[in-house]
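J.: Following our numbering from start to finish, the sequence shown increments by one per residue and tops out at 306. Just dropping this structure here.
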Amino acid sequence: MIEIYRKSLKDAHIQKGSVVQKGSWVSVTDPSEHEIEFLTDDLKLERGHISDALDPFEVPRFEVEGTTMYIFLRFPYEERGAIQTMPILFIVADDFIVTVTRDRKTMFEDFLSGKIDFTTTQKEKFLLLFFIKINVLYQSYLHSINKDVRIKQSNIERITNRDIIAFVDRERVLNDFVTALVPAGKIYNTLLGKQHLAFIKEDSDIVEDLTLSNEEAIDICNTSIKAISNIRQAYSTILTNDLNKTMKFLAGITILLTLPTMIASVFGMNVQLPLQNSPLAFAGVIGLIAIVSVIAFAIFSKKDWF
Numbered sequence: 001m002i003e004i005y006r007k008s009l010k011d012a013h014i015q016k017g018s019v020v021q022k023g024s025w026v027s028v029t030d031p032s033e034h035e036i037e038f039l040t041d042d043l044k045l046e047r048g049h050i051s052d053a054l055d056p057f058e059v060p061r062f063e064v065e066g067t068t069m070y071i072f073l074r075f076p077y078e079e080r081g082a083i084q085t086m087p088i089l090f091i092v093a094d095d096f097i098v099t100v101t102r103d104r105k106t107m108f109e110d111f112l113s114g115k116i117d118f119t120t121t122q123k124e125k126f127l128l129l130f131f132i133k134i135n136v137l138y139q140s141y142l143h144s145i146n147k148d149v150r151i152k153q154s155n156i157e158r159i160t161n162r163d164i165i166a167f168v169d170r171e172r173v174l175n176d177f178v179t180a181l182v183p184a185g186k187i188y189n190t191l192l193g194k195q196h197l198a199f200i201k202e203d204s205d206i207v208e209d210l211t212l213s214n215e216e217a218i219d220i221c222n223t224s225i226k227a228i229s230n231i232r233q234a235y236s237t238i239l240t241n242d243l244n245k246t247m248k249f250l251a252g253i254t255i256l257l258t259l260p261t262m263i264a265s266v267f268g269m270n271v272q273l274p275l276q277n278s279p280l281a282f283a284g285v286i287g288l289i290a291i292v293s294v295i296a297f298a299i300f301s302k303k304d305w306f
């Protein structure tokens, strides 16, 4: 699907059109073969880069073909409770900007609804707002993940197997985020540092916030990954200690049950035994069993087996 939008400084709302003009935003979502031909033949864009943008495993990178820039990034989204990242391609041509995704999800909602104030005729600032939106999405998911990790970290003794499985998924998400954010930060520095884009002075604060936000997101990811790793190690240690305690307890019970059996077995043999004709023989055996059991119990209790 191809949708063409345009909004100038004079426009109060974004306008949807059918012809690509100077200052247009061409939004491409899961394009058909016919639409890809329009992009390559009419807009003179590289077919290979457009196909790469539809690859779910495409990594962030920056390419320049003539006077056209191709900026590959990844943005996060949630589907059926699972957090994923999806590639998005920003094409900055001389007269227009093109975005290419398999599914735009929540990426463009704030732009189309008017929640974000922008103009498509100011290419550099418009592109900058897209970058900021991506960082905001990352920050939102990271805040939720980090909050969950901190709660579990403060109640580590109540962690269940289900929590550990959830942590494994959170760790996967965070690693996916780092894989997307680190190269994205390098792309931002390349674009901004070498002045590939002509930002006006009023945008300098936004540019600085963008780079700082990206670095902060990476730091949060690394911190959360380390916290999850520590929680899993602590949980493993707790399980090992609990298992050792259980094994000691069972071993102690086994010994306590075995001692009376051994003593009774000796006196149950068909051989001559001391006091076998004494009326106090049975009481003596029971007393011996009780004394040995109490001594064994005291020894095991002192060693914290019970």
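For each residue, glycine too, the CB sits at the ideal point set by N, CA and C.
1) For Ile4 versus Val28, is the C-beta spacing smaller than 7 Å?
2) Work out the CA separation of Lys133 and Asp110 for me, nearest whole Å.
3) How many Å lie between Val98 and Trp25 at the Cα?
4) Hey, which unbroken runs of the alpha helix (DSSP H) at 4 residues or more fall wholly within the segment 120-183?
5) Would Asn214 pass as a contact of Asn155 if the rule is Cβ separation under 7 Å?
6) Thinking Ile145 and Ser224 are a contact (beta carbons under 8 Å), I'd like their distance in whole angstroms, please.
7) For Phe57, which of Arg47, Glu33, Gln84, Leu39 has the nearest alpha-carbon?
8) Please classify Arg232: does DSSP put it in a helix, a strand, or coil?
9) Assuming the contact rule is C-beta atoms closer than 8 Å, Phe131 and Leu210 should be a hit. Round their C-beta distance to whole Å, please.
10) Assuming Ala296 and Leu259 make a contact with CB atoms under 8 Å, what is their CB distance in whole Å?
11) Using C-beta distances below 7 Å, list every residue in its chain close to Arg47, excluding the 5 sequence neighbours before and after it, in chain order.
12) Which residue's Cα is closest to the Cα of Arg162: Val92, Tyr235, Leu112, Ile91?
13) Could you check what DSSP says for Glu35 in three-state terms: helix, strand or coil?
14) Does the separation of the CB atoms of Pro87 and Ala184 fall below 7 Å?
15) Under the DSSP definition of a beta bridge, which residues are partnered with Ile71?
16) Taking C-beta to C-beta, are Leu181 and Ile218 nearer than 7 Å?
17) Give the single residue among Thr121, Asn241, Leu250, Glu171 whose Cα lies nearest to the Cα of Asn230.
18) Looking at the strands, I want to know which residues DSSP matches up with Ser24.
19) For Ile220, I'd like the list of residues in its chain whose CB is within less than 7 Å of its CB, leaving aside the five on either flank, ordered along the chain.
20) Assign Pro76 to one of two classes, buried (16 or more other C-beta atoms within 10 Å of its C-beta) or exposed (fewer than that).
21) DSSP state of Glu215, grouped into three classes?
22) Give every residue of the same chain whose Cβ lies closer than 6 Å to the Cβ of His49, excluding the five residues on either side of it in the sequence, and list them in chain order.
T.: According to the structure data:
1) Position 4 of the sequence shown holds residue 4. Position 28 of the sequence shown holds residue 28. Going by C-beta atoms, Ile4 is not nearer than 7 Å to Val28.
2) Walking along the sequence shown from the start, residue 110 turns up at place 110. Walking along the sequence shown from the start, residue 133 turns up at place 133. Their backbone Cα atoms lie some 9 Å apart in a straight line.
3) Against the sequence shown, residue 98 aligns to sequence position 98. Against the sequence shown, residue 25 aligns to sequence position 25. The alpha-carbon atoms of Val98 and Trp25 are separated by roughly 6 Å.
4) 123-154
5) In the sequence shown, the residue the question calls residue 214 occupies position 214. In the sequence shown, the residue the question calls residue 155 occupies position 155. It is not a contact, given that the beta carbons lie outside the stated cut-off.
6) Looking up residue 145 in the sequence shown gives position 145. Looking up residue 224 in the sequence shown gives position 224. The pair is a contact, with the Cβ atoms about 6 Å apart (cut-off 8 Å).
7) On the sequence shown, position 57 is the one that residue 57 refers to. It is Gln84.
8) On the sequence shown, residue 232 is found 232 positions in, with the first residue counted as 1. It is helical.
9) Mapped onto the sequence shown, residue 131 falls at position 131. Mapped onto the sequence shown, residue 210 falls at position 210. That pair is a contact at about 6 Å.
10) In the sequence shown, the residue the question calls residue 296 occupies position 296. In the sequence shown, the residue the question calls residue 259 occupies position 259. So it is a contact: roughly 6 Å between Cβ atoms.
11) In the sequence shown, residue 47 corresponds to position 47, counting from 1. Residues of the same chain with a CB within less than 7 Å of the CB of Arg47, apart from the 5 flanking positions on each side, are Ile36, Thr40 in chain order.
12) For the purposes of this step, residue 162 is taken as the residue at position 162 of the sequence shown. Arg162 has its Cα closest to that of Tyr235, out of Val92, Tyr235, Leu112, Ile91.
13) What you label residue 35 is simply residue 35 of the sequence shown in a count that begins at 1. Reduced to three states, the DSSP call for Glu35 is helix.
14) Looking up residue 87 in the sequence shown gives position 87. Looking up residue 184 in the sequence shown gives position 184. It is not a contact, given that the beta carbons lie outside the stated cut-off.
15) Within the sequence shown, numbered from 1, the residue matching residue 71 stands at position 71. Answer by DSSP bridge pairing, in chain order: Phe62, Phe90.
16) For the purposes of this step, residue 181 is identified with residue 181 of the sequence shown, where counting begins at 1. For the purposes of this step, residue 218 is identified with residue 218 of the sequence shown, where counting begins at 1. Taking C-beta atoms as the reference points, Leu181 and Ile218 count as a pair closer than 7 Å.
17) The sequence position of residue 230 within the sequence shown is 230, counting from 1. Among Thr121, Asn241, Leu250, Glu171, the Cα nearest to that of Asn230 belongs to Glu171.
18) Taking the first residue of the sequence shown as 1, we reach residue 24 at position 24. Its beta-bridge partners are Phe96.
19) Residue numbering aside, residue 220 sits at position 220 when the sequence shown is read from its first letter. Closer than 7 Å at Cβ, skipping near neighbours: Leu142, Asn146.
20) Translated into the one-based positions of the sequence shown, residue 76 becomes position 76. Pro76 should be labelled buried.
21) Against the sequence shown, residue 215 aligns to sequence position 215. Helix, per DSSP.
22) For the purposes of this step, residue 49 is taken as residue 49 along the sequence shown, with counting starting at 1. For His49, where only same-chain residues beyond five positions count, the Cβ hits under 6 Å are Tyr70.
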